[in-house]
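Per the working numbering, the very first residue in the sequence shown carries number 7; after that it's consecutive. Backbone N, C-alpha and C fix where the C-beta goes; we use that ideal spot for every residue, glycine too. Everything on this sheet refers to the single structure shown next.
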Amino acid sequence: VQLLLAAHAAIAQPDSDGDTPLYIACLQGHGECVRLLLAAHAAIDQPNSNNSKPLYIACCNGHCDCVRLLLAANAAVDQPESIKVAPLHIACNHGHGDCVRLLLGAHAAIDQPASNGSTPLYIACSNDHGDCVRLLLAAHAAVDQPDSGGDTPLHTACVEGHGDCVQLLLAAHAAIAQPD
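Structural data, given as structure tokens:
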């Protein structure tokens, strides 16, 4: 990568899917390549053809070193992809607690709903990612914010049978009498 950058390689040129070298480095978790590309002023928030951005794909795959580098370079922390899923949503979906911690430290919008109204807390509860639930609750996530169908994180945790998440939500004073 250093040789290509020294030869003035086109660092912003996307492939046929619209993926830039920075996006691909984040997808694969190649932190050193990300560092070099950022130092060469790669466009940090350039989306691919699916409107997915480097921070999103790094969070999706749990590549915390890439997430850390992107956040340090001021990547847009709450910028959603095409279905309005932000990096915090996808990190919670896959249970990448270390990425969640980094995003919360960068002041990610903790209660930002996706296109279906689900919040990061709802998503973490739906997928039984107790570590992410703990982090979100400690950061004061809205415990009773419903999705577009009216279901709260407690509803989804109960439907899915995720007892640990139910216990965490109840300890955070989730409303148990809220109608479905």
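Quick one: measure Cβ to Cβ for Pro93 and Cys65, integer angstroms, because I've assumed they're closer than 8 Å. 4 Å
Leaving out five residues before and five after Ile200 in sequence, what residues of the same chain have Cβ atoms less than 8 Å from its Cβ? For residue 200 there is no data in the structure shown, the boundaries of the chain being 7 and 186.
Alpha carbons only, please: which of Gly68, Ala180 and Ile129 is nearest the one belonging to His118? Before going on, a small fix: residue 118 reads as Gln here, not His. Among Gly68, Ala180 and Ile129, the Cα nearest to that of Gln118 is on Ile129.
C-alpha distance - Cys164 paired with Ala78, whole-angstrom precision: 38 Å
Is it true that the CB of Ala181 sits closer than 8 Å to the CB of Asp150? yes
May I have a chain-ordered list of the beta strand (DSSP E) segments no shorter than 3 residues that lie completely inside the region 96 to 179? none
Option nearest Cys55 by Cα separation, candidates His146, Asp25, Thr125 and Leu33: Checking the sequence shown, residue 55 turns out to be Ser, not Cys. When each option's Cα is compared against that of Ser55, the closest is Asp25.
Under the three-state reduction of DSSP, which class applies to Glu87: helix, strand or coil? coil
Are the beta-carbon atoms belonging to Ala48 and Ala82 less than 8 Å from one another? no
Is Ala97 close to the ligand GDP? I mean its beta-carbon at under 7 Å from any heavy atom of the ligand. Among the components of this structure there are no ligands whatsoever, and the ligand GDP is therefore not found.
Under 6 Å Cβ to Cβ from Asp71, same chain only, skipping five residues before and after it: list those, please. Closer than 6 Å at Cβ, skipping near neighbours: Gly37.
Taking C-beta to C-beta, are Cys131 and Pro159 nearer than 8 Å? yes
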